[in-house]
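Written below as structure tokens is the structure these notes are about.
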Amino acid sequence: MHVHRTPGGPETGPAARSGGLAEVERLLAGRDVAVLSGAGLSTESGIPDYRGATGSLRRQTPMTYQEFVASEQGRRRYWARSHVGWQAIARAEPNAGHRAVEGLRRSGYVSAVITQNVDGLHRAAGTLGAVELHGGLDRVVCLDCGRSSSRADLDRRLHALNGTLVVPDAALNPDGDVQLPGALVEAFRIAPCEACGGVLKPDVVFFGESVPKPRVQHCYDLVDAARALLVLGSSLTVMSGLRFVRRAARGGKPVAIVNQGATRGDEYATTTLALPLGATLTTLLEQLTAP
Numbered sequence: 001m002h003v004h005r006t007p008g009g010p011e012t013g014p015a016a017r018s019g020g021l022a023e024v025e026r027l028l029a030g031r032d033v034a035v036l037s038g039a040g041l042s043t044e045s046g047i048p049d050y051r052g053a054t055g056s057l058r059r060q061t062p063m064t065y066q067e068f069v070a071s072e073q074g075r076r077r078y079w080a081r082s083h084v085g086w087q088a089i090a091r092a093e094p095n096a097g098h099r100a101v102e103g104l105r106r107s108g109y110v111s112a113v114i115t116q117n118v119d120g121l122h123r124a125a126g127t128l129g130a131v132e133l134h135g136g137l138d139r140v141v142c143l144d145c146g147r148s149s150s151r152a153d154l155d156r157r158l159h160a161l162n163g164t165l166v167v168p169d170a171a172l173n174p175d176g177d178v179q180l181p182g183a184l185v186e187a188f189r190i191a192p193c194e195a196c197g198g199v200l201k202p203d204v205v206f207f208g209e210s211v212p213k214p215r216v217q218h219c220y221d222l223v224d225a226a227r228a229l230l231v232l233g234s235s236l237t238v239m240s241g242l243r244f245v246r247r248a249a250r251g252g253k254p255v256a257i258v259n260q261g262a263t264r265g266d267e268y269a270t271t272t273l274a275l276p277l278g279a280t281l282t283t284l285l286e287q288l289t290a291p
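Put into structure tokens, the structure is as follows:
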């Protein structure tokens, strides 16, 4: 196992920058590598992660599916906070890491991209076939009639009902919401489904909700078809992503993890690397595609 870490802390120094990076480059050079990305890939776009240095779980527990469906009060709290947070998500742009992943895919080194993120930044970078394991915040679904609609349309409706909510210095969370004063939440008006008047939910998998089985199987198929798995910016704390690392390891495939800090999947990895994703992935793309 080629694990490049310094004792008692994350990987740093020459070993991380030379040996570890070279291992990841060799992995990609063999082509047919599936990528599994997490929130750490989007931090350079201004979207915090859950468990890293900017992690929102250090501040609060995200909305659960059970809480959302149980009461209108829970839904009002979610939509009020998400209505404000959506402005930042909608403005976010792909960073160097997203662009490098697309460059690696376009050059034939990456065969598939699976993302745990709901920000749509892989798609914005051109990776239209990225599998969004947990859905996307730019889509809305009705829990009653199943109708799908765009978040932009809902945003316009919520703005018409509530006007502009200005919350200075509101801290954005990875799932697109922010903390709001209770008075603003209580006064917020939520919009029903335009087709049936039912309950609208963002088309994302909440905590406590399961990823649709066909989507999981599709991801298993992508991992099975790949020669190796590269994990980018995920702590792999929840089984939703860890299961694909375990799947690859059981199949005897190399697993490389690039993440700032230890992950739950490190024991399955042939290589771990703790370096900034944007610069690291850009360097890998440049080295692999150099004339």
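Residue 76 in full-length UniProt numbering sits at position 76 of the sequence shown, with consecutive numbering throughout. From the three backbone atoms N, C-alpha and C, an ideal C-beta is built for every residue, glycine too.
Between the segment 273-284 and the segment 90-104, do at least 3 Cβ pairs fall closer than 8 Å? yes
In this structure, does DSSP put Lys201 in helix, strand or coil? strand
Give every residue of the same chain whose Cβ lies closer than 8 Å to the Cβ of Gly135, excluding the five residues on either side of it in the sequence, and list them in chain order. Val118, Pro202, Asp203, Val204, Val205
For Phe207, the residue or residues it bridges with in DSSP: Thr64
Using a Cβ-Cβ cut-off of 6 Å (strictly less than) and excluding sequence neighbours within five positions of Tyr65, which residues of its own chain qualify? Phe206, Gly208, Glu209
Within the segment 74-147, note down every full beta strand (DSSP E) run reaching 3 residues or more, in order along the chain. 110-115, 135-142
Any chance the segment 123-131 sits against the segment 73-82, with 3 or more Cβ pairs inside 8 Å? no
Is the separation between the beta-carbon of residue 295 and that of Thr263 shorter than 7 Å? As displayed, the chain neither begins before 1 nor continues past 291, which places residue 295 out of reach and without an answer.
Taking Ala256 as part of the beta strand (DSSP E), name the residues at either end of that continuous run. 255-258
Any 3 or more C-beta pairs closer than 8 Å across the segment 146-162 and the segment 212-219: no
Taking the alpha helix (DSSP H) that Ala228 belongs to, which residues open and close that run? That residue, Ala228, is in no alpha helix (DSSP H); its beta strand (DSSP E) goes 228-232.
Tell whether a beta-carbon distance below 7 Å holds between Leu184 and Cys193. no
Check whether the Cβ atoms of Ala256 and Thr271 sit closer than 7 Å, and answer yes or no. yes
Here's the rule: buried if 16 or more other CB atoms are within 10 angstroms of the residue's CB, otherwise exposed. What is His159? exposed
Counted within 10 angstroms of its Cβ, other Cβ atoms place Ser107 as buried (16 or more) or exposed: exposed
Roughly how many whole angstroms lie between the Cα atoms of Thr164 and Ala187? 13 Å
Just mark Arg151 as buried or exposed, buried being the case when its beta carbon has 16 or more other beta carbons within 10 Å. buried
What does the alpha-carbon distance come out to for the pair Gln179 and Ile89? 15 Å
Drop a sphere of 10 angstroms on the beta-carbon of Ser45, count the other beta-carbons inside from all chains shown, and report buried for 16 or more, exposed for fewer. buried
Beta-carbon contacts of Arg31 that lie in its chain and below 8 Å, excluding the five residues immediately before and after: Gly108, Tyr109, Ser111, Arg227
Residue range of the unbroken alpha helix (DSSP H) whose run includes Leu281: 277-289
Taking DSSP's pairing of strands, which residues face Ser150 in a bridge? Arg139
Give me the DSSP bridge partner(s) of Leu273. Val258
Within a Cβ cutoff of 7 Å, which residues of the same chain sit near residue 306, ignoring the five residues on either side of it in sequence? Past the edges of the chain, shown from 1 to 291, lies residue 306, and the structure says nothing about it.
Under 8 Å by Cβ, that's how I've got Leu21 and Leu288 pegged, so tell me the actual separation to the nearest angstrom. Not a contact, Cβ separation roughly 12 Å.
Just tell me which of Leu222, Gly252, Ile190, Asp224 has its CA closest to the CA of Gly74. Ile190
According to DSSP, Ser235 sits in a beta bridge with which residue or residues? Answer is none; Ser235 lacks a bridge partner.
In three-state DSSP terms, what is Leu180? coil
Less than 7 Å between the C-beta atoms of Leu154 and Val140, yes or no? yes
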